Amino acid sequence: MNGHLLSILLFLPLAGLIPLLLIPSDQKRSLKLCANAVMLAGFLLSLLLVFQFDAAAAGYQFTENAPWIPSIGASYNVGIDGISLLLVMLTTLIGFLATMSSWSAVEDRLKEYYALFLILQTGMLGVFISLDLFLFYVFWEVVLIPMYFIIGIWGGPRRLYAAIKFFVYTLAGSVLMLLGILTLYFQHAQEYNVYTFDLARLLNTHMAMGAEQFVFWTLFLGFAIKVPMFPFHTWLPDAHVEAPTAGSVVLAGVMLKMGAYGFVRFSLPLAPHAASEPWVVNTIATLSIVAILYGALVCLMQKDWKRLVAYSSVSHMGFVTLGIFALNYNGIAGGMLQQINHGISTGMLFLIVGVVYERRHSREISAYGGLAHVMPNLAVVFAIAMWSSAALPLLNGFIGEFTILAGAFAANKLWAVLASLGVILAAAYLLWLYQRTMLGEVTHEINRKLRDLSLREWAIFLPLIAWAVWIGVYPKPHFDVLDKPVRAIVERVTGGAR
Amino acid sequence: MLPALALASFGCVVLLLEFLLGKARAAAARQWILGLSLTGLAVTAWTLWAQQQALDGRRLTAFSGAISVDGFALFFNWIFLVASLVTILISYRYLEIEGEEHAEYYGLILLAQCGMYFLATGTDLVTIFVGLELMALSFYILVGFLRGERRSNEAALKYFLLGVFSSALMAYGFSLLFGVAGSTRLKDIGTAIQAGDLHDPILLMGLAVTTVALLFKISAVPFHMWAPDAYEGAPTPVTAFLSVGSKAASFALLLRFFLEPLGALRDAWQPLLVAVAVLSMTAGNLAAITQTNLKRLIAYSSISHAGYMLLGLVAGNETGLQGIAVYVLVYTFTNLGALLVVAALRSKGAGRGTEEDLNDISGLAQRNPAYAALMVVFLLSLAGLPPTAGFIGKYYIFLSLIQTGHTVLAVIATLYVAVAIFYYFRIVKRMYMGEAAERASLISSSLGVRVALGITTAATIVIGLYPEPFLRFAEISLLR
Amino acid sequence: MPALPAAVPLSWYLTLSAFLFVLGVAGFLFRRNIITVFMSIELMLNAVNLTFITFSYKLQQVDGHIFSFFVMVVAAAEAAVGLAIILTVFKNRQTLEIDELDSLKN
């Protein structure tokens, strides 16, 4: 079984579709149980990866390789390194928690709902473990379709608009990315006379600068829209706000990471020269800083709780891309860790909005106030999530953003200064949000009747809090698994590799 | 030659059955008539199979070079076979609902397929012209088969007038080419073009007129205006057959024409095809956005698909040509599937010409989840998203453009995928997020519809997930 | 086959047939009565025949003759099908004006 651990993990959600589809649609409880059980099994299975993973070994582990479409050189080639390991763990955990959070939030068309989440889970896992660009692209696109339905069917009032905007926008990016992949594929064949999508072999391609730039920029568009980087972020507020809670959690917690992961796994190693040109680095770093500051400023003006969290994602993902394009060890390692942090903290923030929305059916910040009196447990959880997101020491966000800032400082002092402004702004908008919603007197009588967290909701938050504290207090294991792959990437980009 | 013989003889027999038996007895025997038509297809399949075995990578010519049976021709003939099989399977129930059950219908389908056979195999202007007309004449009648239905009449008339007009253009072009080459064989025409003076006005005129007629037949912009009307007004199974069979056959002809006699003039026609392809993708995709009639929407989308296929010819390398073959194959199954779902929406009791509107498909996911899900698969495949078959077709086209350095074209073509998703997903939106239509009727499918659906779905998904055998099949079809 | 009379050059025949063809195209594009439009197409087909025959004479080849026979057969078949279609249209709407056929939306 161990030889196929990744495949089992990958296809488990799809296999879970079979029992799910066999259960009659009116047996809601069985449907929920089935979906939750499959997701939990996936998470437990992924723990095996953690225990068996060897952080000291270079290269990919748990690899599997089988021919798939030999005539075009595509293969079923999967494997993980430290970067993917963390993301796979994040995916299985967030996927499970998102499913669990839907238990009482969604009562309509359950079978379709859970089926889509299961497909989505396979798609996301596939993106993080594919080592073949064709396979990667297939999973990359597969992810879009269930998310379209999740937003469009179970979303808020403007869900139809948000769903198609999300779909068309990200699709436009990813088809261009396909052109980049095909160009690389063709360039490799020109050089070696072999058509292959195998990542390891494509890394040996030597392209002319023009071709390499084309590859870099097409991939960049695909990934940047997904992250989303400023100015490609306009789909995000709509999609996040309109999606049902579980959809927002997965979207922010996992799907945004696909873009940053793409930069690190594909853009930098495959087009190192184009990626390390000063003007490219400067442009992207500038965009990242604009995203950090712009996202934070927009957050300060939001009246809608969920929209605020959505824009905070733009700001936080700006840190991740800034770290990546600092192109040094600290920057990339910090960026990779910050992705996980963002998944944890923003996941929690969206879940908190979901908890409140489920009870009160309003996302207006002004509809709340003084909730700490009514829901003390929620106030505690929210405080932790907030501190985690605002990079308070001893919690995960601090470690990630600090490492990124260290990397950015080494690359360009001005970047670090401007980005730290973003940290301050983040603290400002989050504390202000907390103050307006949780502190003070209860402003609306109706809020006095709100129930505090249930046991199930505690069970959802606890693993995330535990992970946040773990990273905050003892991040070493995380940096250990990131060490080898990040070193390899830095070496490649800074010129050691060719 | 045997497949054509089988098609022609079965076609003629079926065509005459109702006349010979008389209306009442023919009506009683209508299942037998269906069975006879299917037998005709089975015999055709058998003869095609035999030819495929005998061929073994060679190229056989017959009638002193008037037809050529090669991998290319057989590949397209399999596609025609699939098209008429699926059409016949879904027609039985459809005709029953429309109250137009006539044996002639099946006979005409077989005869149209016979015409297609000659379009794919013909290497002589006479063969090609007669094959084209056999196909077209059958289609004129099929499109107008619902005699009492105004829209069907109108579609038939418009299709007829423009079809005959383009045939006349083609004949005129042929006459000029004959004048230059002194022969009606494509091979001799090719030799004459290579040897001849390219500034010869007769030659240029002949080529231009023929090209326009060919573009008419594949419904490429700016010669596409017949397609939306014909597709919308025709009985839905005929729309399916027309959009797939007629298009594939016309493409086979276009390919043979551009690759064999016109191969030497590549530099001259390539820019022209670039323009036509881009215009087709643009006009087809943009017009489809505003359509509310499902068949009309698919008609416009099929115009854009013609543009994509032409791009493979623009690239012109091996990948591009294999890409066209794969694309046509994939498009056949997928478009048949999508129109088959539209045909299945039709139910007894509703007024004519209804139940093919966006409103009629609204809420389908609640009433018929399986049909809605399959429709999503077909639409994804039409748009070209993985893991469906459509992606494999687009993949080849894009790759061929990259290989030949047509980067800008590739960018345009890929961005139109996003546009296409926009309008295809208007249908999905209605199915999954729309309120159920008032006179929402459940689909009551027949065995034939289910079998046809099985074929098209299986192909769409299998080609998407494991295309290997299909790619090899398409590879042997290359004209070398 | 007898040779062409020397007095009438070949190009005249071709010009005539091209003229007839263009006349047919113009009729097809600009006339509004279905029957007239259909007749214009027949004119085009006749121009095709004339071209074929001309070239056949010039090249001393029988292929062109054969083609023109096929064109005639096809034209006859087209007339049969076409008139039937026109007839049903007329029965259903009592008009032969192309512009009045507008039940298919655009």
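Protein chains in written order, with this note's numbering: chain Y, 18 to 515; chain B, 35 to 514; chain U, 789 to 894.
Just so you know, even glycine gets a beta-carbon here, dropped at the ideal spot from N, CA and C.
Since this is a predicted model, take the numbers as computed values, not measurements.
Item                                                                                                                                                                                                    : Value
Counting Cβ pairs closer than 8 Å, one from the stretch 169-186 of chain B and one from the stretch 804-824 of chain U, do we hit at least three?                                                       : no
Quick one: give me the first and last residue of the beta strand (DSSP E) that serine 102 of chain B is part of.                                                                                        : 101-103
Using only the alpha-carbon positions, how far apart do isoleucine 170 of chain Y and glutamine 355 of chain Y sit?                                                                                     : 31 Å
For leucine 296 of chain B, does the count of other Cβ atoms within 10 angstroms reach 16, so buried, or fall short, so exposed?                                                                        : buried
Using a C-beta cutoff of 9 Å, does alanine 514 of chain Y count as contacting chain B?                                                                                                                  : Interpretation of alanine 514 of chain Y is limited by its pLDDT of 41, a score under 50 that renders its predicted location unreliable; the figure taken from the coordinates is listed afterwards. For alanine 514 of chain Y, the answer is no, since every Cβ of chain B falls outside 9 Å of its Cβ.
How would you write the range of the alpha helix (DSSP H) that serine 209 of chain B sits in, first residue to last?                                                                                    : 184-215
Residues of chain B with CB closer than 8 Å to the CB of isoleucine 86 of chain Y, please, in chain order.                                                                                              : Tyr500, Pro501, Glu502, Leu505
Give the list of continuous alpha helix (DSSP H) stretches no shorter than 4 residues that lie fully inside the stretch 312-379 of chain Y.                                                             : 322-342, 346-377
For the stretch 316-336 of chain B against the stretch 252-265 of chain B, are there 3 or more C-beta pairs whose distance is under 8 Å?                                                                : yes
Under a three-way DSSP split, which group does glycine 513 of chain Y fall into?                                                                                                                        : Confidence at glycine 513 of chain Y is low in this model, with a pLDDT of 47, below 50, so the placement of that residue should be treated as unreliable; the coordinate-derived value is given next. Looking at glycine 513 of chain Y - three-state DSSP - the assignment turns out to be coil, as it is neither helix nor strand.
Given this structure, state the Cα-to-Cα distance separating serine 526 of chain B from lysine 281 of chain B, to the nearest angstrom.                                                                 : Outside the shown range of chain B, which is 35 to 514, sits residue 526 of chain B, and nothing can be said about it.
Taking its Cβ as the centre, do 16 or more other Cβ atoms sit within 10 Å of tyrosine 140 of chain B, making it buried, or is it exposed?                                                               : buried
Interface residues of chain B around threonine 200 of chain Y at Cβ under 7 Å?                                                                                                                          : Ile436
Excluding the 5 residues preceding and the 5 following serine 379 of chain Y in the sequence, name in chain order all residues of the same chain whose CB lies nearer than 6 Å to its CB.               : none
Along the chain, which unbroken stretches of the alpha helix (DSSP H) at least 4 residues long are found entirely within the stretch 412-469 of chain B?                                                : 423-437, 441-467
Do three or more CB pairs link the stretch 293-303 of chain Y to the stretch 352-372 of chain Y at distances below 8 Å?                                                                                 : no
On the three-state DSSP scale, how would you describe arginine 300 of chain B?                                                                                                                          : helix
Tell me whether the stretch 420-435 of chain Y and the stretch 337-346 of chain Y touch, counting them as touching only if at least three CB pairs, one residue from each stretch, are closer than 8 Å. : yes
Please list the terminal residues of the continuous alpha helix (DSSP H) segment that includes tryptophan 484 of chain Y.                                                                               : 472-490
Mind checking glycine 513 of chain Y: buried by the 16 CB within 10 Å criterion, or exposed?                                                                                                            : Its pLDDT being 47, under 50, glycine 513 of chain Y is placed unreliably in this model, and the coordinates cannot settle the point.
According to DSSP, which residues form a beta bridge with asparagine 821 of chain U?                                                                                                                    : U:Glu885
Between the Cα of leucine 414 of chain B and those of B:Glu390, B:Ala372, B:Tyr430, B:Ala447, spot the shortest distance and give me the residue it belongs to.                                         : B:Ala372
Under the three-state reduction of DSSP, which class applies to serine 42 of chain Y: helix, strand or coil?                                                                                            : coil
Does glutamate 885 of chain U come within less than 9 Å of chain B when only Cβ atoms are used?                                                                                                         : no
Using three-state DSSP, classify arginine 219 of chain B as helix, strand or coil.                                                                                                                      : strand
Can you tell me which of Y:Ile40, Y:Asn53, Y:Ser47, Y:Gly20 puts its alpha carbon nearest to the alpha carbon of proline 30 of chain Y?                                                                 : Y:Asn53
So the candidates are B:Leu505, B:Ile131, B:Ala190, B:Leu210; which of them puts its Cα closest to the Cα of leucine 875 of chain U?                                                                    : B:Ala190
Residues of chain Y with a CB under 7 Å from the CB of methionine 467 of chain B: which are they?                                                                                                       : Gly169, Ile170, Leu177
In the DSSP output, which residue or residues are listed as bridge partners for aspartate 215 of chain Y?                                                                                               : Y:Asp149
For tyrosine 154 of chain Y, go through chain B and note every residue whose CB falls closer than 8 Å to its CB, in chain order.                                                                        : Pro420
Which chain B residues are close to leucine 195 of chain Y, counting only those with a beta carbon under 7 Å from its beta carbon?                                                                      : Phe432, Thr448
On the DSSP letters alone, give me the boundaries of the beta strand (DSSP E) that glycine 96 of chain Y sits inside.                                                                                   : 91-97
Since alanine 189 of chain Y meets chain D, which of its residues come closer than 7 Å, beta carbon to beta carbon?                                                                                     : Protein chains Y, B and U are contained in the structure displayed, whereas chain D is not.
With phenylalanine 249 of chain Y as the anchor, note down where its alpha helix (DSSP H) starts and where it stops.                                                                                    : No alpha helix (DSSP H) contains phenylalanine 249 of chain Y, which DSSP labels as neither H nor E.
Output, in sequence order along the chain, the residues in the stretch 157-171 of chain B whose CB is closer than 8 Å to any CB in chain U.                                                             : Leu159, Val160, Phe163, Val164, Glu167, Leu171
Can you tell me the Cα-Cα spacing of valine 364 of chain B and alanine 508 of chain B, whole angstroms?                                                                                                 : 11 Å
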